[in-house]
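Chemist:
There are 2 protein chains.
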Amino acid sequence: MSAYSPAETAEKSGFSIDTLRYYEKIGLLPGIARNASGRRVFCDDDLQWLGMLRCLRETGMPIAEMLRYTELARGGDETVQERLELLQDHDRRVDEQITRLREQQEHIQWKIRLYSGVACEGLPA
Amino acid sequence: MSAYSPAETAEKSGFSIDTLRYYEKIGLLPGIARNASGRRVFCDDDLQWLGMLRCLRETGMPIAEMLRYTELARGGDETVQERLELLQDHDRRVDEQITRLREQQEHIQWKIRLYSGVACEGLPA
DNA sequence: CGTTGACCTGGAGTGCACTCCAGATGAAAT
DNA sequence: ATTTCATCTGGAGTGCACTCCAGGTCAACG
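In structure tokens:
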């Protein structure tokens, strides 16, 4: 239970095979193993890393910054502080995102109430 | 206080002048007035509409769907029900977005705690 | 009356993040 | 032995939402 084909990895990670190739090409997936015939072989660590990437991506981190994080991660223990700061900054941005979404949801819900009112007009009281 | 130049409108709405032109061109801003020399003149209603567009945009509604909403809005009172449904669907998607962001934030914060731990190792107890 | 400055138009260009394609390869199934 | 199938590569193409540009108009200012 620790060697996965590209297809399995795509399924488990939620990224398409093309995206996996793309990510490796641009440097987001360093050190992916290959078998004798040159095919990618992913391991559990790779899957974990992909989980982190997915999480960062879906919270809106641009690829350039994920690349920076990846490079730091390759840098070993001396980069822990920087990685920590990067994630803390991102965490704050996620907070702001959530706050902003909620504010805007207020606006939408106000509009919904308004339409609901109009939709009820003319109905028997 | 009810006639605004493109520049003023850009400032008040938060959209760039180019984006305002673009939105008018694709049909998100129907019926923008023009003065004698062909320049756009925005009114308070336009600003309100822009506020709604901004809100939908920032909560992730694709332009194609905003266009549908715009067309419904032009359709008058018979379309209120459809507009209501559109906004309710969107409202649900915003809920999901927020939920998802929070889940992923958990993951990030777990990683932050992990790094904080590593960063403290070796410090005097 | 010349120049500035905000605005106009149609259309081309940009940035991001993929996504698709053609042609090749190599293990496995019929 | 041939076909199938997943995979490989480099590179081109896509979709979205703008953003920029060239060339032109027009009111106002000095």
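First to last, the sequence lines map onto chains A and B. Reminder that position 97 of the first sequence reads as 207 in this note's numbering, one-by-one numbering, no gaps. Reminder that position 73 of the second sequence reads as 183 in this note's numbering, one-by-one numbering, no gaps. Each residue gets a CB set at the ideal place from its N, CA and C atoms; glycine is no exception. Just so you know, these numbers come straight off a predicted model, no measurement behind them.
If you draw a straight line from the C-alpha of L196 (chain A) to the C-alpha of A143 (chain B), how long is it?
Modeler: 47 Å
Chemist: Using 8 Å as the cut-off, can you tell me whether the stretch 163-174 of chain A makes contact with the stretch 203-217 of chain B, which would need three or more C-beta pairs spanning the two stretches below that distance?
Modeler: yes
Chemist: Would you report the Cα separation of Q191 (chain A) and E181 (chain A), rounded to the nearest angstrom?
Modeler: 13 Å
Chemist: Just verifying my parser: in three-state terms, what is the DSSP assignment at A117 (chain B)?
Modeler: helix
Chemist: May I ask you to report which of helix, strand or coil DSSP gives A183 (chain B)?
Modeler: Assigned with DSSP and collapsed to three states, A183 (chain B) falls in helix.
Chemist: My output table needs one value for R150 (chain B): the three-state DSSP class, helix, strand or coil.
Modeler: The answer is strand: DSSP assigns R150 (chain B) an E or B state.
Chemist: Of the choices A:D156, A:R193, A:R223 and A:K122, whose alpha-carbon is the least far from that of E134 (chain A)?
Modeler: A:D156
Chemist: Closer than 8 Å by beta-carbon distance: list the chain A residues that pair up with S123 (chain B), in chain order.
Modeler: By Cβ distance, chain A contributes nothing, its closest Cβ being about 14 Å from S123 (chain B), past 8 Å.
Chemist: Could you give the C-beta distance for Y132 (chain A) and K122 (chain A), rounded to a whole number, given that I count them as a contact under 8 Å?
Modeler: Contact check for Y132 (chain A) and K122 (chain A): beta-carbon distance about 17 Å, past the 8 Å limit, so the pair fails to qualify.
Chemist: Beta-carbon of E206 (chain A) versus every beta-carbon of chain B: anything under 8 Å?
Modeler: no
Chemist: Express the C-alpha separation of G185 (chain B) and E118 (chain A) in angstroms, rounding to a whole number.
Modeler: E118 (chain A) and G185 (chain B): Cα-Cα distance of roughly 49 Å.
Chemist: Taking only the alpha-carbon atoms, compute the straight-line gap between E175 (chain A) and S126 (chain A) and give it to the nearest angstrom.
Modeler: 21 Å
Chemist: To the nearest angstrom, report how far apart Y225 (chain A) and G170 (chain A) are at their CA atoms.
Modeler: 32 Å
Chemist: Output yes if chain B places a C-beta closer than 8 Å to the C-beta of V151 (chain A); else output no.
Modeler: The beta carbon of V151 (chain A) sits no closer than 8 Å to any beta carbon of chain B.
Chemist: Which residue's Cα is closest to the Cα of I136 (chain B): B:H200, B:L177, B:G227 and B:D187?
Modeler: B:L177
Chemist: Please identify the residue among B:L194, B:Q219 and B:D199 whose C-alpha is closest to the C-alpha of I222 (chain A).
Modeler: B:L194
Chemist: Can you give the Cα-Cα distance for C153 (chain A) and I173 (chain B), rounded to whole angstroms?
Modeler: 40 Å
Chemist: Taking Cβ to Cβ, would you say Q219 (chain B) is nearer than 8 Å to D199 (chain A)?
Modeler: Against a cut-off of 8 Å, the Cβ pair of D199 (chain A) and Q219 (chain B) comes out as no contact.
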